[in-house]
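Let me begin by presenting the structure, written as structure tokens, before commenting on it.
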Amino acid sequence: MGFETLKSIVAAGRNVVDISFFNHDPLELDALAREKNVIAITDCGVAPGMSNLVAGFHNANMQVENFDCMVGGLPLQRDWPYEYKAPFSPIDVIEEYVRPARLRQDGKILVRPALSDPELIDIEPVGQLEAFNTDGLRTLLDTTEIPNMRERTLRYPGHIELMRVFRESGFFDDSEIEVKGTRIRPRDVTAALLFPLWQAGPGETAFTVMAIEVSGIENGRPVCHKYHLYDEDDAATGLSSMARTTGFTATAAARLVLDGSYTKPGISPPEKVGACGDCLQKILGLLAERGVQYSHQTL
133 MGFETLKSIV AAGRNVVDIS FFNHDPLELD ALAREKNVIA ITDCGVAPGM
183 SNLVAGFHNA NMQVENFDCM VGGLPLQRDW PYEYKAPFSP IDVIEEYVRP
233 ARLRQDGKIL VRPALSDPEL IDIEPVGQLE AFNTDGLRTL LDTTEIPNMR
283 ERTLRYPGHI ELMRVFRESG FFDDSEIEVK GTRIRPRDVT AALLFPLWQA
333 GPGETAFTVM AIEVSGIENG RPVCHKYHLY DEDDAATGLS SMARTTGFTA
383 TAAARLVLDG SYTKPGISPP EKVGACGDCL QKILGLLAER GVQYSHQTL
């Protein structure tokens, strides 16, 4: 749902859990939600969503110095030239490739270009992937003071450079141009050409992989918490991995509202839910019941 739909639900006095990304700041509705005594959990998918839950939990229980999240949805079969299939709206994928990425470094918010700072990463059980900056921290930049935070998206190596070529050549531009007397947006043409190539075919399997590191001082000593997710499409139910990891996080949060585990009125980004008692553990447990397994390692 979009911002205006969320606003209407809150104004109607209904509790809500939402997974949608929109450009508006959901915290703009906090005063209205408090006035209506509404519990509204926003951005509650996989990332943002589960990543925020983890950040919120540890930020409430230790002195967090660094938060790093890497996430991607990819096909098992790597087909040239893109080695990619879109697990959610392809137009939103293109937006990731053009929207500047906000991160925090040494306590200061920095803005980096989309697709910047590519880095090769080895992630089990996939192998080598390439990470790049994306604008996924969202409300974490407003609700926490963690001095170093970044979110990165994962792709197979080579995809980033190809998308950079597209972007720098103008294929992702929003401004209209004239071609043979017709006004068109390059992004619309690119989307129309790419979307069929980015659709998964019959029998093709995709996976979601996420790695989160939270480090700092806990109980007087340095510590690093590592979370890892690897999830594939479920052939038995027909649900894609991205649908499972995103949707089941939202339904788990809804369960916490329904059973009274989370009762705070107002707009609650997931980090506020994670900071509340054992809400993170309950959500991880509910996800595990659905077969979405996060491992947690403390170093």
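Residue numbers for the sequence shown, in the working numbering: 133 to 431. Ideal Cβ placement from N, Cα and C applies to all residues, glycine included. No experiment lies behind these values; they were computed from the predicted model shown.
Under the three-state reduction of DSSP output, residue 254 falls in the strand class. Between the C-alpha atoms of residue 420 and residue 337 there is a straight-line separation of about 21 Å.
Looking at the DSSP output, residue 399 sits in a beta bridge with 172. Non-local beta-carbon contacts of residue 141 in its own chain, meaning distances under 7 Å to residues more than five positions away in sequence, involve 148 in chain order. Going by beta carbons, residue 246 and residue 270 fall outside the 7 Å limit. Around the Cβ of residue 251, a 10 Å sphere holds fewer than 16 other Cβ atoms; the residue is exposed. Residue 427 is bridged by DSSP to 360.
Here residue 348 really is in contact with residue 194; their C-beta atoms are around 5 Å apart, less than 8 Å.
Assignment of residue 417 by DSSP, reduced to helix, strand and coil, places it in the helix class.
Counted as a single uninterrupted DSSP element, the beta strand (DSSP E) harbouring residue 309 occupies residues 309-311. Counting along the chain, the unbroken alpha helix (DSSP H) around residue 373 starts and ends at 373-390. In this structure, DSSP gives residue 240 an extended state, which the three-state scheme calls strand.
With a cutoff of 7 Å on beta-carbon distance, residue 161 and residue 399 are scored as near each other. The C-alpha of residue 137 is placed about 12 Å away from the C-alpha of residue 146.
Residue 180 sits buried, since 16 or more C-beta atoms from the chains shown fall within 10 Å of its C-beta.
With at least 16 other beta carbons inside 10 angstroms of its own, residue 263 counts as buried.
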